[in-house]
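Below is one structure, written out as structure tokens; comments come after it.
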Amino acid sequence: MKKFFESLPVHDYTTKLSVSIVYAILASVAMNFFYQPGNIYSSGITGLAQILTTLSTKVVGFKVPVSITLYALNIPLFFVAWRKIGKKFTVFTFLTVTLTSIFMQIVPQTSLSNDPIICAIFGGAVMGSGIGFALKNGLSSGGLDIFSITIRKKTGRSVGSISMYFNGLIIFVAGYLFGWQYMFYSALSIFVSGKVTDAVYTKQKKMQVMIITKNPDAVIDGIQQKMRRGITIIHEAEGAYRHDKQTLLLTVVTRFELPSLEAAMKESDPSAFVSISDNVKILGRFYEEDL
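Laid out in structure tokens, this is it:
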């Protein structure tokens, strides 16, 4: 039994738990400090939960809290994730959604500003920070993530395009039901949220790295010890000034891995010439960690 507990990745689990708590707090602040007071609708399943909450007064006679609506919408998606995506993914998503719903319920709704533009910008920034932080640490906030990943596996469509269609529908419905001004404010918030998510979630940004070195074996070993990346070797590259023979190495890394690459280069060949091109497009195979 002792060996079993020692074999468990306790550090990984405690880190994910901490990230879940941070995301839950940020999502609750965005919802109760900005979205709800400003009548701003979020992206994804959260936005759908807000719409259903707004409609609940007319349909059932009382207002159902967003926390309950959000949790109820995610329950069937947990079963989909368990069957179609993975058990570990589902467990941590369940934990994150549960904590988010609890924090949304206990964090008091506070109006910091009556300006819907301010609520849209800052609400989007806070929510985007939470989503990006969760994705960066291998967690999902549930909802649209599950829906998008499942559809991607069946159709091959990108997660981004699926999210775009769903979010477009959310803001259109919000505008149709509650006033077109809310559609524009919500669109602004979703745009800000997406930009902040991209800024925080650096694992999706790919960079092409070109290394010119006289010690290719040491550089290759150093890089592959720190990250899982393939490297293309081009022998007998020649410098135009001294006409000395060197080796050209080509690889692609994510922005998240850039510190690891820099550390590997300092250890293996500090005098190597390294050129990095940002935001490259990949058509072939590129390893990405599972959520």
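For the sequence shown, position 186 matches number 186 in UniProt numbering, and the numbering has no gaps at all.
All C-beta atoms, glycine included, are put in the ideal place defined by N, C-alpha and C.
Where residue i falls, given that 16 or more other Cβ within 10 Å makes a residue buried
i: Thr232; result: exposed
i: Tyr165; result: exposed
i: Asn114; result: exposed
i: Gly38; result: buried
i: Leu188; result: buried
i: Ala240; result: exposed
i: Gly142; result: buried
i: Ser275; result: exposed
i: Val196; result: buried
Spatial distance of residue i from residue j (CA atoms)
i: Gln225; j: Tyr41; result: 45 Å
i: Leu26; j: Gln50; result: 17 Å
i: Ile75; j: Ala264; result: 44 Å
i: Tyr35; j: Ser67; result: 13 Å
i: Ser260; j: Gly222; result: 10 Å
i: Ile121; j: Ala30; result: 10 Å
i: Phe103; j: Ser20; result: 11 Å
i: Ile85; j: Val91; result: 11 Å
i: Gly230; j: Met183; result: 45 Å
i: Ile106; j: Gly132; result: 23 Å
i: Gly130; j: Glu238; result: 48 Å
i: Pro65; j: Arg255; result: 39 Å
i: Thr110; j: Phe33; result: 5 Å
i: Tyr13; j: Lys88; result: 11 Å
i: Ile211; j: Asp198; result: 27 Å
i: Phe178; j: Gly128; result: 24 Å
Beta bridge counterpart(s) of residue i as assigned by DSSP
i: Ser277; result: Gln208
i: Ile234; result: Leu248
i: Thr254; result: Lys206
i: Thr213; result: Thr247
Cβ shell of residue i (< 6 Å), same chain only, five flanking positions each side left out
i: Gly47; result: Tyr41, Ile170
i: Leu8; result: With a pLDDT of 44 at Leu8, under the threshold of 50, the modelled position of that residue is not reliable, and the figure given next carries that caveat. Closer than 6 Å at Cβ, skipping near neighbours: no residue.
i: Val252; result: Lys206, Gln208
i: Ile220; result: Ile231
Contact set for residue i: own chain, Cβ-Cβ below 8 Å, skip 5 residues either direction
i: Leu15; result: First, the residue type needs correcting, since residue 15 is Thr and not Leu in the sequence shown. Around Thr15: Asn137.
i: Ile234; result: Thr247, Leu248, Leu249, Leu250
i: Leu139; result: Lys16, Val19, Ser20, Tyr23, Phe92, Thr93, Thr96, Leu291
Close beta carbons around residue i, own chain, < 7 Å, minus the five adjacent residues each side
i: Asn215; result: Ser268, Asp269
Continuous alpha helix (DSSP H) stretch holding residue i: start and end
i: Asn74; result: 66-84
i: Gly44; result: 44-60
i: Leu99; result: 87-106
i: Ser186; result: 180-200
i: Leu135; result: 116-136
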